[in-house]
Amino acid sequence: MPKEQFREADVIKKISHVSFNIDSAQQIQQEAHLHVVAKNLYNQNAERTPVAYGVLDRRMGVSQKDATCETCKKGLNDCVGHFGYIDLALPVFHIGHFRATITILQSICKVCSRVMLKEEEKKLFSARLVNPNLSYLAKKSIHSQVLKKAKKSTKCPYCGNLNGPVKKGPGLMKIVHEPFRGKKPSDPLVTNALHQMQAAIESNRELSQTVVGPASLSKELNPVEVLDLFKNIPKSDVPLLGMTSTQSNPADLIVTRVFVPPVCIRPSVVSEVKAGTTEDDLTMKQSEILLISDVIAKHMMTGGKIELIQEDWDYLQLHCALYFNSELSGIPHSLMPKKPTRGIVQRLKGKQGRFRGNLSGKRVDFSARTVISPDPNLMIHQVGVPDRVAKILTFPEKVNTANINRMRQLIRNGTEKHPGANYVQQKGSAFKKYLAYGNRDKVAQDLKCGDIVERHLIDGDVVLFNRQPSLHKLSIMCHVAKVQPQRTFRFNECACTPYNADFDGDEMNLHLPQTEEARAEALVLMGNKSNLVTPRNGELLIAATQDFITGGYLLTQKDQFLTREQVMQLAACMLSGPDANMRIDLPR
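Final position of the sequence shown in our numbering is 1846; the numbers increase by one with none missing.
Dropping the structure here:
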């Protein structure tokens, strides 16, 4: 079936801008279709149906061809999938925003949550930051100035509490605040804090393991405390933290709710070796997060030991971090996962990721690749295509009164004789007839206007020619095909420069556009003849080079005379293709 040529929209919309933001817990709930709570994947029945409210619930889509989605009632090909969400028993730090979390904590008071700048300074910076025409780099520069000034302030100008440096603590994703950093042990503030700690130890013997001394006065900030601090930040102070969007909220940097992606992007594969299925890494990680959350909730309900809850909390923190980014460094040996997994970040980044592997460059149909050779007899806009390639690459041509006889002949030629056709699709039918088998004469006889014939690539077809690496826009240009009996792609040496091609074993790609619009766009915008000059500096790129210039120079010298035999030889070399049988009368 050819690609859809054009779909007219009811309403013409103009996109004014695109903004990026962090989803809040409320937005996650609104965008999701399902609250995932069940930690088991399948029911214990003969059909092995997914558990309701589990991570493979059919309401989030399907990954099998024979199943239908329970939300939109569509199959695997039509259902795009639906999101779910998991509520965490305790909030955790987001591995991607951990650096930003520490930066914000360095700027605000750890008691009253206000940015530690004087009121006049705040007004000055805020007025500059809310300017909508300010560039990203200018905002970044102002934000670094705010951070630098706020870091220097050791006493909050609003509540008078001591604030010290905030930094990454020992262990996995820990944040430590040292309010008494730089104070002498004899300082009244330090001695007072130590007396308070001593009194607390006497009333609670479990605290006796804490070392009494100035070192023990540094405080670990857990995600619950950080979340409370971020929620209390005044709305007027938020732009000073680098969040200039009106919807921005620093509290969204702490993870309390996690999206569960649709089932179709993490399919279950039925295992041929053992009974059951092999689950995707993301599915297993979601199941583990649910299990740990469940354990923490039970401990908190039954009043379990604080050490036990803290240990499980660290484990939840680790698995949430691995869910987002599985290439974490600094994981304690005891918590190290047995086998490496692929997190969400790994699916997006790198050569094999979504952007580079599936969007910027991807595997496509209707393309060919082989070695290139020079052919000075071809025109600069032509490319010589081997006939075996021409028999595989097809163009879907619609049958009309003008071309019906030609199409019938192509169908009779079939798949092996060039020019021929590979498939025929009748008007209104979803199925294609393969012409390698069956009665081709009958198919040709039954051909009607409106049918689609997938014919072989023929002379004059518009193709895209590309050499990797594609470093500028002229690395992929449009040529016109000329089918030849050889095994390599051939083109004129004048067109080598834009592709940076040489003939020492280089390979090039050829793509056959599948619609009339694509052909027209390719010819007008990417046409080889329309790109003779580089847009970079106006330099001529497609021009005569090397042998052409030498030959032209030698032939056109004033004292250069050719014998009758040489002229005949030269004329014979020039006559090729359609001019091969031309008659030339030479003077005696």
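All residues carry an ideal CB built from backbone N, CA and C; glycine is no exception.
Because the structure is a prediction, the values reported are computed rather than measured.
Remark: fewer than three beta-carbon pairs, one from each stretch, lie closer than 8 Å, so the region 1736 to 1751 and the region 1690 to 1698 are not flagged as touching.
Distances from the CA of His1275 to each of Leu1617, Glu1378, Pro1390 and Lys1620 were compared; the closest alpha carbon is that of Pro1390. Under DSSP, the beta-bridge partners assigned to Val1682 are Lys1691 and Val1711.
For Phe1806, the enclosing alpha helix (DSSP H) covers residues Asp1805 to Leu1813. In this structure Phe1582 is in contact with Gly1601, their Cβ atoms being roughly 6 Å apart against a cut-off of 8 Å. Across the set Ser1587, Arg1372 and Val1521, the C-alpha of Arg1372 shows the shortest separation from the C-alpha of Ser1494. Cβ contact annotation for Gly1500 (same chain, cutoff 6 Å, sequence separation greater than five): His1401, in chain order. At a cut-off of 4 residues, the continuous stretches assigned as alpha helix (DSSP H) that sit fully inside the region 1276 to 1318 are 1283 to 1289.
Taken through DSSP and simplified to helix, strand or coil, Tyr1573 comes out as helix. Rounded to the nearest whole angstrom, the CA to CA distance from Ile1280 to Leu1729 is 34 Å. When Ile1589, Arg1745 and Ile1344 are compared, the shortest CA-CA separation from Glu1546 is found for Ile1344. Following the DSSP letters along the chain, one finds Thr1514 inside the beta strand (DSSP E) bounded by residues Ile1512 to Val1518.
Gln1818 and Tyr1811 have their C-alpha atoms some 10 Å from each other. In the three-state DSSP reduction, Asp1837 falls in the helix class (H, G or I). Spatial neighbours of Asp1709 in its own chain (CB-CB distance under 6 Å, excluding positions within 5 residues in sequence) are listed in chain order as Val1657, Gln1684 and Lys1685. In the pairwise beta carbon analysis, the region 1783 to 1792 is classified as not touching the region 1826 to 1839: fewer than three pairs are separated by under 8 Å.
The alpha-carbon of Ala1648 is positioned some 25 Å away from that of Ser1788.
Shown here for Ala1347: same chain residues with a beta carbon closer than 6 Å to its own, the five before and five after excluded, namely Ser1551, Ile1554 and Ala1555 in chain order. The C-beta distance from Ser1411 to Met1374 rounds to 4 Å, short enough to meet the 8 Å contact threshold. Judged by DSSP in its simplified three-state form, Tyr1343 adopts strand.
Distances from the alpha-carbon of Ile1512 to those of Glu1775, Val1269, Lys1816 and Ser1282 put Ser1282 closest.
By the Cβ rule, the region 1332 to 1341 counts as touching the region 1512 to 1522, because three or more pairs are nearer than 8 Å. Gln1640 is bridged by DSSP to Val1738. In the same chain as Gln1604, and ignoring 5 residues on each side of it, the C-beta atoms closer than 8 Å to its own belong to Asn1583, Ser1584, Glu1585 and Gly1611, in chain order.
With respect to Pro1590, Leu1430 sits close: the two C-beta atoms are nearer than 8 Å. Looking at the backbone, the Cα of Thr1535 and that of Asn1758 are separated by about 49 Å. In summary, Gly1342 is buried, with 16 or more beta-carbon neighbours lying within 10 Å of its beta-carbon over all protein chains present. If you look at Asn1767, you'll find it in the beta strand (DSSP E) that goes Glu1765 to His1769. Taking C-alpha positions only, Ala1579 is separated from Gln1772 by approximately 44 Å. In the structure shown, the three-state DSSP call for Thr1659 is coil.
Pairing Leu1651 with Phe1624 gives a Cβ-Cβ distance under 8 Å. Per DSSP, reduced to three states, the secondary structure at Val1603 is helical. Taken through DSSP and simplified to helix, strand or coil, Gly1785 comes out as strand. Look at Asn1750 here: in three-state DSSP terms it is coil, with no helix or strand label. Considering only Leu1705, Pro1756 and Leu1844, the residue with the shortest C-alpha distance to Pro1727 is Pro1756.
Counting the other CB atoms within 10 Å of its CB gives Asp1719 a total of 16 or more, which places it among the buried residues.
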